[in-house]
Amino acid sequence: MLYAFELSGEHPEIPAAEVLSVLSSRGFGYSVHEKYLSCLVVDIFSKDPAVTDDDIFLMMRNEMPDILAMTHAISQVIDIVDVDEETILTAAETFSAADYLRDGETFVVRAKRLGDNSVLKSVDLEGKIGGRIYRQGFRASLKNADVTFRLTLTDKAVFGVLAAAVDRGAYEHRSPQKKPFFYPGVLMPRVARALSNIAGAKKDAVVIDPFCGTAGILLEAGLLGAKVAGTDAQEKIIIGAATNLGGYAQSTGLLLSKEEREHGSDLIHYDLFVGDACGLPFENETADAIITDPPYGRSAAIKAESLEKLYDESFKEMFRVLKSEKKAVVVSEISVEKFAVSAGFEIENIYKQRVHKSLTRTITVLNKH
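Encoded structure:
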């Protein structure tokens, strides 16, 4: 079954990598059908014969919107055609709407242009497609429709049924300055969530951040249901991290009231330690995933004698505590390839993310085989 993921423009590769990693970590089989401008089309299937196409659609509708950070919408694909009005309307006329609408259900058509699509700017495609579906015997409803047909205009016209729209605004509620404990220079929540997904964070997985800081990464992994643990050299930062991890409802990602925190329900499962990333307080092969953003600069170098020593020894510790066949994702301002390879990791991917003109992040995805 083909699904189209409308991707954010935050990075040319990370949004697609996030989608595929989530599918893989949840046990789905997939093959990439096509990658268009800001749109990834994937053939998704279950390795379990008891899981039906309807079950997959429900997962796309009910679960994926709360997992993905760099996707705008997910649609089950009906057809993919050229970006041409006549071709699109022919596709809308020839498909069977009864395969997607039950008797008495209403529909609406929504079109979305990705990038600078100038071919059909002035065409009222929504109304014209709606007319074709109406003539098949179904009623339209601009408000509270039972089914939304989605036309995504990119390199091709992707016509489908909307499974879900992702509320990316939820991450703004967890922006660094809105958290109970704020410290500058941390990853934004959407980036932390996407990297958590790429690393394989999910329900009951053990996720470790050896340089956890104020726990921005651990918070996003914890909201996925992971059991999270972190270390930091500064006690005041660990106290702040505990304040942040204990301040949000695990099920919703919303700030808890004082009464809710005291009641102790719906909390993220976490452990935090004041400690040295060059000597982590965890047994061998404890972590299902490691996601971290090591410090960079003079203060870090002074604490560890040198930045070289800090990176060399901490990567060896990350390799030790990570389980075999699992991933580590490291955010840095310098290349960490030599430290990773020396520790025993294999490099899966390296992404560059420009933050502003004087800062480009390097995101290195590592495997332990």
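In short: position in the sequence shown from 1, add 37, done, that's the working numbering. We put the beta carbon where it would ideally sit given N, CA and C, even for glycine.
Straight-line measurement puts the Cα of A194 at about 32 angstroms from the Cα of M225.
Residue pairing for A365: DSSP places it in a beta bridge opposite I327 and L403. If you draw a straight line from the Cα of I327 to the Cα of I117, it comes to about 38 angstroms.
For N386, the enclosing beta strand (DSSP E) has its first and last residue at E383 to H393. Nearest C-alpha to L57 among S75, V79 and S45: V79.
The C-beta separation of S75 from G152 comes to about 6 angstroms, placing the pair in contact by the 8 angstroms criterion. The Cβ-Cβ distance between T131 and A41 does not fall below 8 angstroms. If you compare the alpha carbons of L77, E354 and Y137 with that of K405, the shortest gap goes to E354. The three-state reading of DSSP puts E342 in coil, since its state is none of H, G, I, E or B.
Put simply, the stretch 226 to 246 does not touch the stretch 279 to 288. Fewer than three CB pairs are less than 8 angstroms apart.
Going by beta carbons, A202 and I51 fall outside the 8 angstroms limit. In the assembly as shown, L138 is a buried residue. Its beta-carbon has 16 or more other beta-carbons within 10 Å. Counting along the chain, the unbroken alpha helix (DSSP H) around K295 starts and ends at K295 to H300. Closest option to I81, judged by alpha-carbon separation, among A106, Y73 and F65: F65.
In this chain, D204 is not harboured by any alpha helix (DSSP H), its DSSP state being neither H nor E. Looking at the DSSP output, I117 sits in a beta bridge with V195.
With a beta-carbon spacing of about 5 angstroms, V358 and A324 fall inside the 8 angstroms limit used to define contacts.
In terms of Cβ geometry, I275 and L309 form a close pair [threshold 8 angstroms]. Nearest neighbour of T397 by Cα position, chosen from I384, S369 and P247, turns out to be S369. Cβ neighbours of H48 within its own chain (closer than 8 angstroms, five residues either side excluded): M107, Y388 and Q390.
For Y307, the three-state secondary structure derived from DSSP is strand. Of N181, V198 and I93, the smallest CA-CA separation from A134 is found for V198. With contacts defined by Cβ atoms closer than 8 angstroms, D103 and F144 do not form a contacting pair. Nearest Cα to I170 within the set K149, D161, A128 and N234: A128.
Between L44 and A53, the C-beta gap is smaller than 8 angstroms, which places the two residues in contact.
Exposure of T124 is indicated by the presence of fewer than 16 other C-beta atoms within 10 angstroms of its C-beta. Cβ contact annotation for G312 (same chain, cutoff 8 angstroms, sequence separation greater than five): T268, D269, A270 and P318, in chain order.
Comparing C-alpha distances from I245 to each of A229, I235, V265 and S233 shows the shortest one belongs to V265. Exclusion of the five residues before and after G262 leaves K240 as the residues of its chain whose Cβ lies within less than 6 angstroms of its Cβ. Straight-line measurement puts the Cα of T191 at about 8 angstroms from the Cα of V120.
Of all alpha-carbon atoms in L292, L105 and L162, the one lying nearest the alpha-carbon of L60 is that of L105. Ranked by Cα distance from K273, the first of D303, Y220 and F356 is Y220. Pairing P86 with M38, the inter-Cα distance amounts to about 14 angstroms. Judged by DSSP secondary structure, F82 falls within the beta strand (DSSP E) whose first and last residues are C76 to S83.
The Cβ-Cβ distance between P217 and G284 falls below 8 angstroms.
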